[in-house]
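Number of protein chains: 4
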Amino acid sequence: MMVIVDFTVVPVGTGVSLSPYVAEVERVLRRTGLNHELHANGTNMEGEWDDVMAAIRSCHEALHAMGVPRIHTDIKLGTRSDRPQLMAEKVASVRARLMD
Amino acid sequence: MMVIVDFTVVPVGTGVSLSPYVAEVERVLRRTGLNHELHANGTNMEGEWDDVMAAIRSCHEALHAMGVPRIHTDIKLGTRSDRPQLMAEKVASVRARLMD
Amino acid sequence: MMVIVDFTVVPVGTGVSLSPYVAEVERVLRRTGLNHELHANGTNMEGEWDDVMAAIRSCHEALHAMGVPRIHTDIKLGTRSDRPQLMAEKVASVRARLMD
Amino acid sequence: MMVIVDFTVVPVGTGVSLSPYVAEVERVLRRTGLNHELHANGTNMEGEWDDVMAAIRSCHEALHAMGVPRIHTDIKLGTRSDRPQLMAEKVASVRARLMD
């Protein structure tokens, strides 16, 4: 089952700057080979359910290994059984409507 | 890695009543044996990362099998490397502070 | 417009124990008079949109006043135009289906 | 208090295509004048707390006026008391680290 997710990893019990941790998340995701894209409040990613969830687990493992004692993560995800969908199509279909 | 999650499954492209689907989610979770508790806006659950994510995937599969064409799910989750934690302790530790 | 929300306030840049902050959130909410209930991963609350959002803003203000430099909050919310709904009904309607 | 949010509006009890509703959300946001950006799983937006929450409420009102009976929305938000921050800086600070 394919899934499209947006997720945000929030380290707790560390300093106030989170960019070192977000950069580490990005490095972990690059190694997975999954299609993903960083945005201002999280990361969009798509792939097989198990691969996507294993990638997010790897992010948690990497941050705990950096010394983060506690991690809060939000995931928004979508699956469809009616037809396949890619992340790129979602923004494109909204833009097409705005140009009508 | 143990994880505590709160998740909400939102069927899209169905009727306005969601309780048949939330009831099915509850039935799926009971079969997993994972500790979980329904609340007004979702379900709290705890267990090993892979077991928890497989349980949520099973909920998606069960709802698609009921004919739901599209599902949006939110997951909030927490992991800790400093010490183990159970859901039951989280509310208890807040209540203890409120009684000080 | 009435809204039912679930929200979780995550202090960033503090120590690893979050219960002092969750307790403060609870104290702020009690002063608002809004119907709310703490659960293992957040707080359910219901009321008029503006009152609910002002309550969550007050929680942020109170935590910043305690010295929390950065706060991440998740809110899941629902509104309906077909009929009014209360939090208490949501769990009850699922439970009724499970007893069929 | 300034806030940076990511939010996703999920119409419930409608057809399976959500792009007409996401396009309407975009039209509502353009009228608010708030800085915002659509991405594959939601919209990032920044501004004063009350303005941002009023904008999201306007999206709900507009969708209910289109006939959507029930709406589920997720909001992730962040506030800071240590220093001001803009959305554009968040991605830039992560990218700078990845180039080290």
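Protein chains in written order, with the numbering used here: chain A, 1088 to 1187; chain B, 1088 to 1187; chain C, 1088 to 1187; chain D, 1088 to 1187.
Just so it is clear, CB atoms sit at the ideal spot from N, CA and C, and this is done for glycine as well.
Keep in mind that this is a model prediction, so the values were computed, not measured.
Counting along the chain, no alpha helix (DSSP H) covers T1095 (chain D); the unbroken beta strand (DSSP E) around it starts and ends at 1089-1099. Under DSSP, K1163 (chain C) forms a beta bridge with C:D1093, D:D1161.
Taking every protein chain shown into account, the CB of L1125 (chain B) has 16 or more other CB atoms within 10 angstroms, so this residue is buried. The beta-carbon distance between E1135 (chain D) and M1089 (chain D), rounded to whole angstroms, is 6 Å. This is short enough to meet the 8 Å contact definition. Counting the other Cβ atoms within 10 Å of the Cβ of A1142 (chain A) gives 16 or more, which makes it buried. Remark: C-beta atoms of V1092 (chain A) and L1105 (chain A) do not approach each other more closely than 9 Å.
Rounded to the nearest angstrom, the Cβ distance from N1131 (chain B) to T1095 (chain B) is 11 Å, too far for a contact under 8 Å.
Interface residue (Cβ-Cβ distance to chain C less than 9 Å): K1177 (chain D) is not classified as such. For the pair M1174 (chain D) and L1116 (chain D), the Cα-to-Cα distance works out to about 16 Å. The DSSP-derived three-state label of L1121 (chain C) is coil. DSSP places M1132 (chain D) in no alpha helix (DSSP H) but in the uninterrupted beta strand (DSSP E) bounded by 1129-1135. Under the 10 Å beta carbon count, D1169 (chain D) is surrounded by fewer than 16 other beta carbons and is classified as exposed. Against chain B, the beta carbon of I1091 (chain A) has no neighbour under 9 Å; the closest one sits roughly 10 Å away. For I1158 (chain A), the closest of A:G1165, A:R1144, A:T1166, A:R1167 by C-alpha to C-alpha distance is A:R1144. One finds nothing in chain B with a Cβ atom closer than 7 Å to the Cβ of D1138 (chain A); even the nearest lies about 11 Å away. Of all residues in the stretch 1138-1169 of chain A, those with a C-beta nearer than 9 Å to a C-beta of chain C are P1156, R1157, H1159, D1161, reading in chain order. Against chain C, the beta carbon of V1112 (chain A) has no neighbour under 9 Å; the closest one sits roughly 15 Å away.
Scanning its chain for C-beta atoms nearer than 8 Å, with the 5 sequence neighbours on each side dropped, one finds around D1138 (chain C) the residues T1119, L1121, in chain order. Here the C-alpha atom of G1102 (chain A) lies approximately 28 Å from the C-alpha atom of M1140 (chain C).
By a beta-carbon distance limit of 8 Å, D1161 (chain A) does not contact K1177 (chain D). Their separation comes to about 15 Å.
The Cβ atoms of V1099 (chain B) and P1156 (chain B) sit closer than 9 Å to each other. Counting along the chain, the unbroken alpha helix (DSSP H) around R1184 (chain B) starts and ends at 1174-1185. Residues are counted here when their Cβ sits less than 7 Å from a Cβ of chain A; for the stretch 1106-1133 of chain B the count is zero. Look at V1181 (chain A): its C-beta is not under 9 Å from any C-beta on chain C. Residues of the same chain with a CB within less than 7 Å of the CB of P1171 (chain D), apart from the 5 flanking positions on each side, are M1089 in chain order.
Between R1114 (chain B) and A1149 (chain B), the C-beta gap is smaller than 9 Å, which places the two residues in contact. Cα atoms of A1110 (chain A) and A1183 (chain C): separation of roughly 47 Å, rounded to the nearest angstrom.
Contact annotation: T1166 (chain D) and H1123 (chain C) have beta-carbon atoms that are not nearer than 9 Å. Under DSSP, H1126 (chain B) takes part in a beta bridge, and its partners are B:G1129. Look at G1102 (chain D): its C-beta is not under 9 Å from any C-beta on chain C. Take the alpha-carbon of Y1108 (chain A) and the one of E1133 (chain A): they are about 21 Å apart.
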